[in-house]
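Asks:
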Amino acid sequence: MPLAADSPQMTSTPAFDPASATIAIVTYNRSGLLTRLLESIIVMDPKPGHVVVVDNASSDDTTVVVESFRDRLGTELVYQRLETNTGGSGGFSEGMRVAYELGSTWMWLMDDDVEVLPDGLARMGKWAQRFKSIQGRRYDYDGSEFYWQYRLSIPFGIPIPFAPAGFDDSGYREMNSGCFEGMFIHRDIVQQVGLPDPRFFIYWDDSVYGWLASRKTTAVIVDEFVLRRTREIRQWDMGIRHLNASSDAYRYYIMRNRGHMKHYFKVNGSYRPVRFLLGSVLTFAKELVRLVFVERKVRGTSNLWRGVRDGRRIWADASWQPMPPLAEPAT
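Quick note: the sequence shown uses full-length UniProt numbering, first residue 1, plus one each step.
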């Protein structure tokens with residue numbers, strides 16, 4: 001059973017101070033989208049104490065754009081440009097590291113293709129005395145409500161597609177997953193879990209991190225709209241749920257990274273070989289459906305098979321170790 005460090009009924013943290021929060025943004029060659037996000041932070045009320053922008057070695061004008069906001073953002077801006085593209089996983093790992101070393105109590109992670117609603121931080125903050133791993137809700141680019149699969153089947157290692165979308169009077173649902181597009185997490189949990197694992201590069205990194213967090217505390221998704229997606233993605237509308245278009249890179253990593261996922265499950269006593277294999281088969285099948293019905297093509301399966309092959313190599317690596325817990329920064 002997961003170890004819950006607090007319960008939904010227990011106040012476990014002091015009153016929320018917006019200045020104790022840091023927004024950590026990861027960006028790569030999308031300065032136009034980043035501009036929209038930074039502009040949305042200007043009009044936030046309240047604002048966070050820091051904004052950290054991690055630039056994954058962009059080749060566009062990202063540096064110029066970030067510097068143009070330094071004197072008008074209304075809060076302290078930290079710009080971290082990496083030498084190489086480390087993917088979303090490496091970017092969020094670095095962003096969380098910087099936020100943690102700044103002494104932030106709360107870390108709010110997001111990609112560059114969202115904007116923050118003006119009262120978004122206040123909406124998250126009102127839950128901060130009850131929970132330490134919180135996910136807010138998002139509007140899609142067209143203004144519709146975006147559904148995120150907040151429950152994982154751990155034995156199968158896949159999201160549960162029929163997890164209820166609605167909320168009861170409590171205003172929250174317990175989750176055992178995470179999404180770095182909006183994860184709001186307390187430094188106590190970050191200290192215990194460690195940083196996000198950059199070895200994932202992209203995909204499954206936030207799911208695994210959210211699951212690890214849920215083993216330390218009661219993790220929740222709350223009925224608060226705090227972000228709006230700003231990038232249009234081709235979708236197959238399945239009612240309340242959408243299946244988005246993907247890419248060859250995503251197809252590769254979604255299969256490859258199941259090797260890392262297996263290791264994390266095994267280290268934590270949750271690996272079930274037969275059911276996890278079936279989950280991998282279902283994941284492969286889902287990506288085939290995505291190719292045919294969303295992207296309207298059949299080419300791309302070779303990337304899935306390469307991912308399967310390289311995932312097996314990761315699983316066979318006897319030297320693999322999970323990310324370690326963090327030490328408190330020296331004062």
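Positions of the beta carbon are idealized from the N, C-alpha and C atoms, including for glycine.
Rank Val-281, Lys-297 and Val-289 by C-alpha distance to the C-alpha of Gly-307 and give the top, closest one.
Replies: Of the candidates Val-281, Lys-297 and Val-289, the one whose C-alpha sits nearest the C-alpha of Gly-307 is Val-281.
Asks: Across which residues does DSSP place Gln-135 in a beta bridge pair?
Replies: Gln-135 is bridged to Met-183 and Ile-221.
Asks: Bridge partners of His-50, per DSSP?
Replies: The partner list for His-50 (beta bridge, DSSP) reads Thr-22 and Glu-76.
Asks: My assumption, with CB atoms under 8 angstroms, is that Ala-165 sits in contact with Tyr-147. Please give the rounded CB distance.
Replies: Indeed, because the Cβ distance is near 5 angstroms, the residues count as touching under 8 angstroms.
Asks: For Asn-56 and Ala-249, I'd like the C-alpha separation in whole angstroms.
Replies: Answer to the nearest angstrom: the Cα atoms are 16 angstroms apart.
Asks: Going by alpha carbons, who is nearest to Ser-177 out of Asp-61, Ile-134 and Leu-102?
Replies: For Ser-177, the nearest C-alpha among the options comes from Ile-134.
Asks: Does the structure place the stretch 206-213 close enough to the stretch 116-123 that three or more beta carbon pairs sit under 8 angstroms?
Replies: The stretch 116-123, when compared against the stretch 206-213, does not touch it at the 8 angstroms Cβ threshold.
Asks: Kindly give me the distance between the Cβ atoms of Asp-112 and Ile-25, rounded to whole angstroms, as I take these residues to be in contact under 8 angstroms.
Replies: Sure, about 6 angstroms apart at Cβ, within 8 angstroms.
Asks: Determine which residues share a DSSP beta bridge with Tyr-172 and list them.
Replies: Answer is Val-222.
Asks: Any contact between the stretch 73-84 and the stretch 178-198? By contact I mean 3 or more CB pairs, one from each, below 8 angstroms.
Replies: They do not touch, by the three-pair rule.
Asks: Cα separation between Arg-258 and Asp-71?
Replies: Taking the straight line joining both Cα atoms gives about 43 angstroms.
Asks: Since Met-323 and Gly-157 are thought to touch, with beta carbons under 8 angstroms apart, how far apart are those beta carbons, to the nearest angstrom?
Replies: Not a contact, Cβ separation roughly 18 angstroms.
Asks: With respect to 7 angstroms, is the separation between the Cβ of Ser-319 and the closest non-hydrogen atom of the ligand SAM below this value?
Replies: The ligand SAM is not part of the structure shown, which contains no ligands of any sort.
Asks: In the DSSP assignment, find the unbroken alpha helix (DSSP H) run with Glu-39 in it and report its ends.
Replies: Residues 31-42.
Asks: Bridge partners of Ser-153, per DSSP?
Replies: BP columns for Ser-153 point to Ile-158.
Asks: Please list the terminal residues of the continuous alpha helix (DSSP H) segment that includes Leu-288.
Replies: That run of the alpha helix (DSSP H) goes 273-289.
Asks: How would you call Lys-297, buried or exposed, if buried means at least 16 neighbouring beta carbons within 10 angstroms?
Replies: With fewer than 16 Cβ atoms within 10 Å of its Cβ, Lys-297 is classed as exposed.
Asks: I'd like the list of long-range same chain contacts for Asp-223, defined as Cβ closer than 6 angstroms, with 5 residues on each side in sequence excluded.
Replies: Result list for Asp-223: Phe-167 and Gly-171, in chain order.
Asks: On the criterion of 16 or more Cβ atoms from any shown chain inside 10 Å, does Ser-144 qualify as buried, or is it exposed?
Replies: Exposed: under 16 other Cβ atoms inside 10 Å.
Asks: Whole angstroms are fine: how far does the CA of Glu-83 sit from the CA of Ala-285?
Replies: In a straight line, the C-alpha of Ala-285 is about 36 angstroms away from that of Glu-83.
Asks: Okay, do the stretch 125-139 and the stretch 94-104 touch, 3+ Cβ pairs below 8 angstroms being the bar?
Replies: They do not touch, by the three-pair rule.
Asks: Between the beta-carbon of Met-175 and the beta-carbon of Ala-219, is there less than 8 angstroms?
Replies: It is a contact, given that the beta carbons lie within the stated cut-off.
Asks: Quick one: Cα of Val-43 to Cα of Asp-60, how far?
Replies: Their Cα atoms are separated by approximately 26 angstroms.
Asks: Output needed for Glu-232: all residues of its chain with C-beta closer than 6 angstroms, excluding positions within five of it in sequence on either side, in chain order.
Replies: Same-chain partners within the cutoff: Tyr-141.
Asks: How long is the line joining the alpha carbons of Thr-63 and Tyr-203, rounded to whole angstroms?
Replies: When rounded, the distance between both Cα atoms is 26 angstroms.
Asks: Taking DSSP as the reference, what is the three-state secondary structure of Leu-227?
Replies: Here Leu-227 sits in strand by DSSP.
Asks: If we count the other Cβ atoms within 10 Å of its Cβ and call it buried at 16 or more, is Phe-92 buried or exposed?
Replies: When all chains shown are included, Phe-92 counts as buried.
Asks: Under a Cβ-count criterion, where at least 16 other Cβ atoms within 10 Å of its own Cβ denotes burial, should Asp-17 be classed as buried or exposed?
Replies: Exposed, because fewer than 16 other Cβ atoms sit within 10 Å of the Cβ of Asp-17.
Asks: According to DSSP, is Glu-67 helix, strand or coil?
Replies: Helix, per DSSP.
Asks: For a test of the three-state rule: what should DSSP assign to Val-298, helix, strand or coil?
Replies: Three-state result, Val-298: coil.
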